[in-house]
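Heads up, the thing below is written out as structure tokens.
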Amino acid sequence: MNTTKWFAALIGVIIIGVISFAIFHERTPGQDTHKIKVATGFYPEYFFASQIGGDKADVVNITPADAEPHDYEPTAQDMATIENSRMLVLNGGVEPWGVNMQKNLDPNKTLIVTAGEGLETQQVVEGGQSVTDPHVWQSPTLAKKMVDKIERGFVQIDPSNTSYYAANAEALKSQLDQLDSEFKTGLASCAKKDIITSHAAFGYLATTYHLTQVAITGLSPDAEPSTKELADIADFARKNNVKIIFFESLVSPKLSQTIASEVGAETMVLDPLEGLSADDLAAGKDYMTVMRNNLANLRKALECI
Ligand SMILES: [Zn+2]
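Heads up, this note's numbering is the position in the sequence shown plus 2, with the first residue counted as 1.
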């Protein structure tokens, strides 16, 4: 064999090696290359997209377990995950990085679905300014509209499985109808209607089921209320005989505990579902089970029969 043939054979071996390496790395454990890659902003979108995508989709949640989406910043690896996804599902208004994604992602590669867009009809006054409330997933009826939008996204990126996604979305919406009816029945006859919550995540839940939300920290969980604001909330609790002050699992319960001890109340969890802890995920908790736990705690706090 002359030198040219040896050289050609060597190049051939290198090409085969590179291709094998690429295939091997593409098929890392836990990833199925045949599935449609979808990234989601935080937990509710992750749950809805996973249910609709079923075994046709590989859904990755960008805000990790135990993290709060209001102040989460994606890592370089998160950005690569998003860029390699066929669809990014956001809520809108919660993920501070979502606006940049709209500017920087190639729309021909990654479809962006903003599931909460157009559903945000309520405002919250914060620091003297009226701000749009993005916490729409807390109302099962609005959550159904999010499901419709996410389903349309799946159909757009993978039209060959349209009927599969439609069936999964229908099943999920009937579960949300069931949840809505449990909330309606469960909160129909209660002695009280005022809920004091950690941050203002329950505005749409309150409107849907005729409750009044008073939030300790406004729209962001890490806002610092003034001494006067805390005193006003304690006054409200005393005047309205509020005996349970709610806190949430992913942020410090300190402010809720301070108000509770000041007015002689107890504390209890009301989970905004902005993220589940790793322990909760491992225990099999999901949107439906956490919402039902919230309902049970609301029924205790509001003295429902
Ligand atoms: Zn929130």
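Glycine included, each C-beta is placed from N, C-alpha and C at the ideal position.
Exercise for review: Starting from the C-beta of residue 247, find all residues in its chain whose C-beta is less than 6 Å away, skip the five residues before and the five after it, and write them out in chain order.
Suggested key: 198, 258, 261, 262, 267 and 269
**Message:** Below 8 Å, is the gap between the Cβ of residue 208 and the nearest heavy atom of ligand 1?
**Reply:** no
TODO: Output the distance between the C-alpha atoms of residue 22 and residue 35, rounded to the nearest integer angstrom.
DONE: Residue placement at residue 22 cannot be trusted, given a pLDDT of 48 that sits under 50; what the coordinates show is reported in the next sentence. If I take the Cα positions, the gap works out to 15 Å.
**Q.** Three-pair Cβ contact test at 8 Å for the region 77-94 versus the region 181-194
**A.** no
* Measure how close the beta-carbons of residue 143 and residue 210 come, nearest whole angstrom, since I'm counting them as under 8 Å. => 6 Å
Checklist entry - Does the count of Cβ pairs from the region 144-153 and the region 43-52 closer than 8 Å reach three? => result A contact exists between the region 144-153 and the region 43-52.
Mind checking residue 274: buried by the 16 CB within 10 Å criterion, or exposed? buried
Original post:
Considering only the beta carbon of each residue, do residue 101 and residue 71 sit closer than 9 Å?
Top reply: no
**OP:** Could you name the residues of the same chain whose beta carbon sits closer than 8 Å to that of residue 87, not counting the 5 residues immediately before and after it, in chain order?
**Re:** Take residue 87, set aside five residues on each side of it, and the residues of its chain with a beta-carbon closer than 8 Å to its own are 39, 40, 41, 62 and 112, in chain order.
By how many angstroms is the C-alpha of residue 276 removed from the C-alpha of residue 1? Any property of residue 1 remains undetermined from this structure, which presents the chain solely from 3 to 307.
Practice problem: Determine the burial state of residue 116: buried for a count of at least 16 other Cβ atoms within 10 Å of its Cβ, exposed for fewer. | Solution: buried
Just how far apart, CA to CA, sit residue 305 and residue 186? 15 Å
- Hey, is residue 283 close to ligand 1, as in C-beta under 8 Å from one of its heavy atoms? no
### Query
Using the rule of at least 16 other Cβ atoms within 10 Å of the residue's Cβ for burial, across every protein chain shown, is residue 244 buried or exposed?
buried
key: Within 9 Å, strictly: CB atoms of residue 131 and residue 205   = no
Report task. Go ahead and label residue 289 buried or exposed: buried means 16 or more other beta carbons lie within 10 angstroms of its beta carbon, across all protein chains shown. Result -> buried
Which parts of the region 136-218 are runs of the alpha helix (DSSP H), unbroken and 4 residues or longer, counting only runs that do not cross its ends?
-> Residue ranges of uninterrupted alpha helix (DSSP H) with 4 or more members, entirely inside the region 136-218 and ordered along the chain, are 142-159, 164-188 and 205-210.
Could you pull out every residue in the same chain whose Cβ sits closer than 6 Å to the Cβ of residue 110, ignoring the five residues on either side in sequence?
-> Excluding sequence neighbours, residue 110 sits near nothing in its chain.
#### Entry: Inter-residue Cα distance where the pair is residue 125 and residue 136
9 Å
Grouping DSSP H, G and I as helix and E and B as strand, with all else coil, what is residue 104?
Helix.
- [ ] Locate the alpha helix (DSSP H) running through residue 82, then write down its first and last residues.
- [x] 78-85
Exercise. Taking the alpha-carbon positions, what's the residue 213 to residue 108 distance?
Worked result: 43 Å
task: List the whole-angstrom C-beta distance separating residue 58 from residue 160, where the pair is believed to meet the contact cut-off of C-beta under 8 Å.
output: 7 Å
Considering only DSSP beta bridges, list what residue 132 is partnered with.
127
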